[in-house]
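In the UniProt record's numbering, the protein residues as written are 1 to 166. For glycine and all other residues, C-beta sits at the position ideal for the given N, C-alpha and C.
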Amino acid sequence: MSNVIDESGILAIATRLQRLSDTFRKDGQLIYKSFGHDFEPKWFPVVYTLDIKSQLSVVEIANEIGYTHPSTISLLKELEKLKIIHSKKDKSDERKRLISLTEKGKELVAAIKPIWDLLRKTQIEILDTKNNLMKAIEEVEEQLKISSFYDRAEKNKSLMGQKSSD
Numbered sequence: 001m002s003n004v005i006d007e008s009g010i011l012a013i014a015t016r017l018q019r020l021s022d023t024f025r026k027d028g029q030l031i032y033k034s035f036g037h038d039f040e041p042k043w044f045p046v047v048y049t050l051d052i053k054s055q056l057s058v059v060e061i062a063n064e065i066g067y068t069h070p071s072t073i074s075l076l077k078e079l080e081k082l083k084i085i086h087s088k089k090d091k092s093d094e095r096k097r098l099i100s101l102t103e104k105g106k107e108l109v110a111a112i113k114p115i116w117d118l119l120r121k122t123q124i125e126i127l128d129t130k131n132n133l134m135k136a137i138e139e140v141e142e143q144l145k146i147s148s149f150y151d152r153a154e155k156n157k158s159l160m161g162q163k164s165s166d
């Protein structure tokens, strides 16, 4: 069944992507729970990154996952409270904190890796469409690296101003 947002087309792209993301997160959480794990999908980018890279600074994690520094700090605090990660001061730079998985975090990763394989397989099945959402996302991300949404809107706004004064 269609609704106003669905009918609005491209204008509601952020809303539609948020809705899709919420669906994946909600169902992802149900999948983790079905395997007996209280793992929050929002933790995935940090935990996965630390499993691959083992030890990173806060800034490096933020860069790796593409989140803002404050969003990354918030996730790190939550994971540290749960003893999934720990931080220590960098010996070469006292201002920098180095983050890594704890033993509990490493055990969690070992336990949920098979779930990640299941999630990957299931997502491929869902995303295997003629328009390939992942390819489209990559293309849009490349476009945004060239020029941001805001910068493009400002340019179009100035063009609109030129048209109205002609």
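Asked, Found
"Just to confirm my understanding: we take residue 5, look at its own chain, exclude 5 residues before and 5 after, and list those with CB closer than 6 Å. What are they?", "12, 15"
"If you draw a straight line from the alpha carbon of residue 134 to that of residue 127, how long is it in whole angstroms?", "7 Å"
"Report the residue ranges of all beta strand (DSSP E) runs contained in full by the UniProt domain \"HTH marR-type\" (10-155); include only those spanning at least 3 residues, in chain order.", "55-57, 85-89, 97-101"
"May I ask you to verify whether the region 108-126 touches the region 56-70, counting CB pairs closer than 8 Å and requiring at least 3?", "no"
"Do residue 79 and residue 43 have their C-beta atoms within less than 8 Å of each other?", "yes"
"Quick one: is residue 39 buried, meaning 16 or more other Cβ sit within 10 Å of its Cβ, or exposed?", "buried"
"Leaving aside the five residues before and after residue 64 along the sequence, list all residues of the same chain whose C-beta is less than 6 Å from its C-beta, in chain order.", "49"
"Identify, in the order they occur along the chain, each residue of the same chain with its Cβ nearer than 6 Å to the Cβ of residue 87, setting aside the five sequence neighbours on each side.", "97, 99"
"Kindly indicate which three-state DSSP category residue 158 falls into: helix, strand or coil?", "helix"
"On the criterion of 16 or more Cβ atoms from any shown chain inside 10 Å, does residue 136 qualify as buried, or is it exposed?", "exposed"
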